[in-house]
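Data block below; observations after.
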Amino acid sequence: MSDFIAQTAERVREHAARKSPLRIRGGGTKDFLGASGAGEPLEVSSYTGIVAYEPRELVLTVRAGTRLADIERALAAEGQMLPFEPPRFGEAATIGGTVACNLSGPRRPFAGAARDFVLGARIVNGKGEDLSFGGRVIKNVAGYDVSRLMAGAFGTLGVLTELSFKVLPRPPAEATLAFEMDEAAMIEAVNRWAGQPLPLSATAWESGVLRVRLSGAASAVAAARAKLGGADVPDGGTYWLSLREQALPFFEGDAPLWRLSVAQTAGPLGLTMPQLVEWGGGQRWLRGDAELGPMRDAAQKARGHATRFRGGDRAGGVFHPLAPAIAKIHRRLKEAFDPAGVLNPGRMDNF
Amino acid sequence: MTLAPSPASRGTVLAALGAVRPPLSVVAEAECLAAFETDAYIQVRETPLAAVLPESEEEVIALVRALAPIGVPVVTRGAGTGISGGAIPHADGVLAVLTRLRAIVRIDAAARLAVVEPGVPNAQVSEAARPAGLHFAPDPSSQVVSTIGGNIAENAGGVHCLKYGLTVHNVLGVRLVDGEGELLEIGGEALDAPGYDLLALVTGSEGNLGLITRATLRLLPRPESTQTVLAAFDTVKAGAEAVGAIIGAGLVPAALEMMDRVVIDACERYMALGLPKADALLLVEVDGGREEAGEALGQVEALLAAAGATEVRVAKDDDERAKLWKSRKGAFAALASVLPDYYTMDGTIPRRALPEVLEAVYALGREYGLTIGNVFHAGDGNMHPCIFYDATKPGEFERSEELGGKILELCIDHGGTITGEHGVGLEKLKQMCLQFREGEIAAFHDVKRAFDPEGILNPGKAVPTLKRCAEWGGMHVRAGRVPRPDIPRF
Numbered sequence: 001m002s003d004f005i006a007q008t009a010e011r012v013r014e015h016a017a018r019k020s021p022l023r024i025r026g027g028g029t030k031d032f033l034g035a036s037g038a039g040e041p042l043e044v045s046s047y048t049g050i051v052a053y054e055p056r057e058l059v060l061t062v063r064a065g066t067r068l069a070d071i072e073r074a075l076a077a078e079g080q081m082l083p084f085e086p087p088r089f090g091e092a093a094t095i096g097g098t099v100a101c102n103l104s105g106p107r108r109p110f111a112g113a114a115r116d117f118v119l120g121a122r123i124v125n126g127k128g129e130d131l132s133f134g135g136r137v138i139k140n141v142a143g144y145d146v147s148r149l150m151a152g153a154f155g156t157l158g159v160l161t162e163l164s165f166k167v168l169p170r171p172p173a174e175a176t177l178a179f180e181m182d183e184a185a186m187i188e189a190v191n192r193w194a195g196q197p198l199p200l201s202a203t204a205w206e207s208g209v210l211r212v213r214l215s216g217a218a219s220a221v222a223a224a225r226a227k228l229g230g231a232d233v234p235d236g237g238t239y240w241l242s243l244r245e246q247a248l249p250f251f252e253g254d255a256p257l258w259r260l261s262v263a264q265t266a267g268p269l270g271l272t273m274p275q276l277v278e279w280g281g282g283q284r285w286l287r288g289d290a291e292l293g294p295m296r297d298a299a300q301k302a303r304g305h306a307t308r309f310r311g312g313d314r315a316g317g318v319f320h321p322l323a324p325a326i327a328k329i330h331r332r333l334k335e336a337f338d339p340a341g342v343l344n345p346g347r348m349d350n351f
Numbered sequence: 352m353t354l355a356p357s358p359a360s361r362g363t364v365l366a367a368l369g370a371v372r373p374p375l376s377v378v379a380e381a382e383c384l385a386a387f388e389t390d391a392y393i394q395v396r397e398t399p400l401a402a403v404l405p406e407s408e409e410e411v412i413a414l415v416r417a418l419a420p421i422g423v424p425v426v427t428r429g430a431g432t433g434i435s436g437g438a439i440p441h442a443d444g445v446l447a448v449l450t451r452l453r454a455i456v457r458i459d460a461a462a463r464l465a466v467v468e469p470g471v472p473n474a475q476v477s478e479a480a481r482p483a484g485l486h487f488a489p490d491p492s493s494q495v496v497s498t499i500g501g502n503i504a505e506n507a508g509g510v511h512c513l514k515y516g517l518t519v520h521n522v523l524g525v526r527l528v529d530g531e532g533e534l535l536e537i538g539g540e541a542l543d544a545p546g547y548d549l550l551a552l553v554t555g556s557e558g559n560l561g562l563i564t565r566a567t568l569r570l571l572p573r574p575e576s577t578q579t580v581l582a583a584f585d586t587v588k589a590g591a592e593a594v595g596a597i598i599g600a601g602l603v604p605a606a607l608e609m610m611d612r613v614v615i616d617a618c619e620r621y622m623a624l625g626l627p628k629a630d631a632l633l634l635v636e637v638d639g640g641r642e643e644a645g646e647a648l649g650q651v652e653a654l655l656a657a658a659g660a661t662e663v664r665v666a667k668d669d670d671e672r673a674k675l676w677k678s679r680k681g682a683f684a685a686l687a688s689v690l691p692d693y694y695t696m697d698g699t700i701p702r703r704a705l706p707e708v709l710e711a712v713y714a715l716g717r718e719y720g721l722t723i724g725n726v727f728h729a730g731d732g733n734m735h736p737c738i739f740y741d742a743t744k745p746g747e748f749e750r751s752e753e754l755g756g757k758i759l760e761l762c763i764d765h766g767g768t769i770t771g772e773h774g775v776g777l778e779k780l781k782q783m784c785l786q787f788r789e790g791e792i793a794a795f796h797d798v799k800r801a802f803d804p805e806g807i808l809n810p811g812k813a814v815p816t817l818k819r820c821a822e823w824g825g826m827h828v829r830a831g832r833v834p835r836p837d838i839p840r841f
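Here the protein sequences come in this chain order: A and B. Be aware that the first sequence starts at 1, since it is given in my numbering, and climbs by one per residue. Be aware that the second sequence starts at 352, since it is given in my numbering, and climbs by one per residue.
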């Protein structure tokens, strides 16, 4: 066992004995995300480095404190990428924090989420045990899929220490097209296109303009471009990067940012707030002060859920409430993995 | 297995089932129960106290609620094609057979999803989605009969998962009845759900966390064009290197399948396909838009030639494609012609270790005096070595089992896993103890308890108790005794 893992396990054990909460922290770029957690900081950003990377296996194993920027540089050198296009929200962003929040970028609806590419996870649970789940191979059904369970658990079930991923080749060609259309027409169009064999890799709509990214073999991108029409966006790469990092003008200012993850075909939400729709209609960002209730109702009507993503009053609940039967399972998992309740308590509202 | 429920008497169990209103469809006669005594892991057979065939979600809930209070084990079964024993009944329990829940509730072409009941056979989903130009990507070879519920329970793979993912990547939501008879709605139509990723836990849980009553599946556009190539190599090593070269060149083929000499010869004897004489055959399929697939085909042909392929055949049309696939899909039927009995393993290894592991596998075969043939999902390192034996020769069956165990241990030693797509079931409980340590096994039991505190769902499968590591077995095709030998299973 590495010194870092041994020390982390010891620290967790000691806190568990005292029932004293720990706040797990990598690069600190996602402090805004989730309900505010109490506890002494447990810094994990020092545990860095690529443990194994064999490009021809399409498998990467890294220490959880490794910066996303470093990982993506190493992958790019081999013409590969993390297919879920994770946002960083700051240069210090680590892969551990990314997985803990299950953060995925514009490519998500066409490639998969962070959780889809997790092959294995080494964790320190709330009892201070060093455990490894999953593995470093693409197909593996031995044991319950605890590694994917860690994706989106916000560190409340374990401190992530090492992670394995499936990676993919970068598409050789990319193009961005723009279309003028209203929201309802956009929802119909992006879903219709997603049902055709087109190399779509992102969509975003805002203020009556839909942008679509195509990625793949040069011939496929050229054929799709001819088929879809629309206007060429010459600096498409910059746009998608700004969208991923929430650096577009839409995201500026202090107004609360809401994330509604809904059925991709759900019609316009009808909320009178500035809106940006991506993920083929599946992820709808809204800005402004609003009550939790109406936002949750709107999400539910669209067969999805609402999150206070950034800003606003975070004490009253950040995530969509769980159905009682689902909450029961959550409670039991939390009690089993972290019986003393010391890992990021409250970061996921009740967990 | 977490807890071993103390057995309730047959009379108590039948009375509990009989009290359910409206009445459940219960099978309790011994001669009728014989049909359910095993799945495709046929050397273990067990007769349940009763089998129940629910016809609605309400009946599944009623069934669990009738049995949970008296601690009666419930084993769920679909078509029974699993080869690791996951659906073998419990002697003190009830078998829940979900094949009557076979409605395709809806195909939503615009949203690219299918809502289906668990007993719907995998292939029927793609069939129903075909008019909309869509399909359900996971395609286990048993897809004509194996059910969606079973596919989710096993996290089934298939030959196209390198590009299109496993079942876990293609399921949006499930409705699941947990061990307390409570209905859980997990996931749905959105791309994610609040809270922990319970969908990931349920997928591949081998009937230990609940009974699936409905699933929302993601459908993908059918590729516009598919190109298939068969390449021959003088050595398995050269074939494996060709796979690495293709992936290294930035291509992600839809399928990458390899067969060794033993399998090629068996196919030739059995089907006379006119396959090239070779030590390894590699089947490569690329798909996408017409231009894209054409471009990829050109690249693949060049890479295969550079990797030393002695012969390359490209399918000109669907007929020729079907012919090239015939060797791979019929491989297991052909293998049955080598010796009456065979035993198939399901390990996964990092692909770079393939030549080395294969050498070790052949060496083990020589040491045990048994023939081994190999087919691989080469793109993702999932290998299916088949050990041939003759059950009429004393001791040969036991030797094959021991040899199978050594092969799984080889997979673990090379950083791989004991099961890539067929599950642990009863078969690989011992190897679970080799692959995982005590803490991880304990965590698996914790996960089970969260869904099934009394341990009534499929007890004794998938996760061994910490003291039980002595069991050993495999898939044994014994002189035609395998149920439905015509169904391809790998």
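Quick reminder that beta carbons are idealized off the backbone N, C-alpha and C, glycines included.
Please list the partners that residue i has in chain A, where partner means a Cβ-to-Cβ separation under 7 Å.
| i | result |
| --- | --- |
| B/His520 | Gly112, Asp116 |
| B/Glu646 | Ala217, Ser219 |
Sort the options by Cα distance to residue i and report the nearest one.
| i | options | result |
| --- | --- | --- |
| B/Glu397 | B/Gly444, B/Gly369, B/Val415 | B/Gly444 |
| B/Ala386 | B/Ala589, B/Leu632, B/Pro440 | B/Pro440 |
| A/Leu333 | B/Ile597, B/Gly546, B/Val603, B/Tyr719 | B/Gly546 |
| B/Asp803 | B/Val371, B/Arg372, B/Ala593, B/Pro420 | B/Pro420 |
| B/Gly590 | B/Arg573, B/Ala729, B/Ala813 | B/Ala729 |
| B/Ala647 | B/Ala605, B/Tyr740, B/Gly437, B/Leu780 | B/Ala605 |
| B/Gly771 | B/Gly716, B/Phe739, B/Gly698, B/Pro745 | B/Gly698 |
| A/Leu200 | A/Gln300, A/Lys227, A/Ala16 | A/Lys227 |
Counting C-beta neighbours from all protein chains within 10 Å, is the total for residue i 16 or more, i.e. buried, or is it exposed?
| i | result |
| --- | --- |
| A/Thr29 | buried |
| B/Leu817 | exposed |
| B/Cys784 | buried |
| B/Cys383 | exposed |
| B/Ala359 | buried |
| B/Thr353 | Because the pLDDT at B/Thr353 is just 45, under 50, the model does not fix this residue reliably, and the point stays unresolved. |
| B/Lys628 | exposed |
| B/Cys737 | buried |
| A/Asp313 | exposed |
| A/Arg192 | exposed |
| A/Gln264 | buried |
| B/Gln578 | buried |
| B/Val403 | buried |
| B/Gly790 | exposed |
| B/Thr389 | buried |
So with CB distances below 7 Å, who are the chain B contacts of residue i?
| i | result |
| --- | --- |
| A/Pro57 | The displayed chain sequence assigns Glu, not Pro, to residue 57 of chain A. Correct list: Pro701, Arg702, Arg703. |
Residues of chain B with CB under 8 Å from residue i, in chain order?
| i | result |
| --- | --- |
| A/Thr8 | Residues of chain B passing the Cβ test: none, with the nearest at roughly 15 Å. |
| A/Gly79 | Gly601 |
In chain B, which residues lie less than 9 Å from residue i when you measure between Cβ atoms?
| i | result |
| --- | --- |
| A/Ile24 | Simply none; closest approach about 16 Å. |
Would you mind stating whether residue i and residue j have Cβ atoms separated by less than 8 Å?
| i | j | result |
| --- | --- | --- |
| A/Val12 | A/Val159 | yes |
| B/His773 | B/Glu505 | yes |
| B/Ile537 | B/Thr518 | no |
| B/Asp616 | B/Thr586 | no |
| A/Phe309 | A/Leu276 | no |
How would you list, in chain order, the residues of chain A whose beta-carbon sits under 8 Å from the beta-carbon of residue i?
| i | result |
| --- | --- |
| B/Asn506 | Val141, Asp145 |
| B/Asp731 | Val137, Ile138, Lys139 |
Confirm the yes/no value for this check: CB of residue i, any heavy atom of the ligand HEM, distance under 7 Å.
| i | result |
| --- | --- |
| B/Gly422 | Among the ligands in the structure shown, none appear at all, so the ligand HEM cannot be discussed. |
Kindly list, in the order they appear in chain A, the residues whose Cβ is closer than 9 Å to that of residue i.
| i | result |
| --- | --- |
| B/Val775 | Val141, Ala142, Gly143 |
query = Just checking, does the region 234-254 of chain A make contact with the region 288-306 of chain A on the three C-beta pairs under 8 Å criterion?
reply = no
query = Are at least three pairs of beta-carbons, each pair with one atom in the region 401-410 of chain B and one in the region 750-763 of chain B, less than 8 Å apart?
reply = no
request  = Examine the Cβ distances between the region 211-222 of chain A and the region 163-182 of chain A and report whether three or more of them are shorter than 8 Å.
outcome  = yes
query = Using 8 Å as the threshold, is the region 630-637 of chain B in touch with the region 568-584 of chain B, meaning 3 or more CB pairs across them?
reply = Taking 8 Å as the limit for Cβ pairs, the verdict is that the region 568-584 of chain B does touch the region 630-637 of chain B.
query = Would you say the region 539-553 of chain B touches the region 145-154 of chain A, given that touching needs at least three Cβ pairs under 8 Å?
reply = The region 539-553 of chain B is in contact with the region 145-154 of chain A.
inquiry  = Can you confirm whether the region 116-128 of chain A touches the region 79-92 of chain A when touching is taken to mean that 3 or more C-beta pairs between the two stretches lie within less than 8 Å?
reply    = Contact between the region 79-92 of chain A and the region 116-128 of chain A is present, with at least three C-beta pairs closer than 8 Å.
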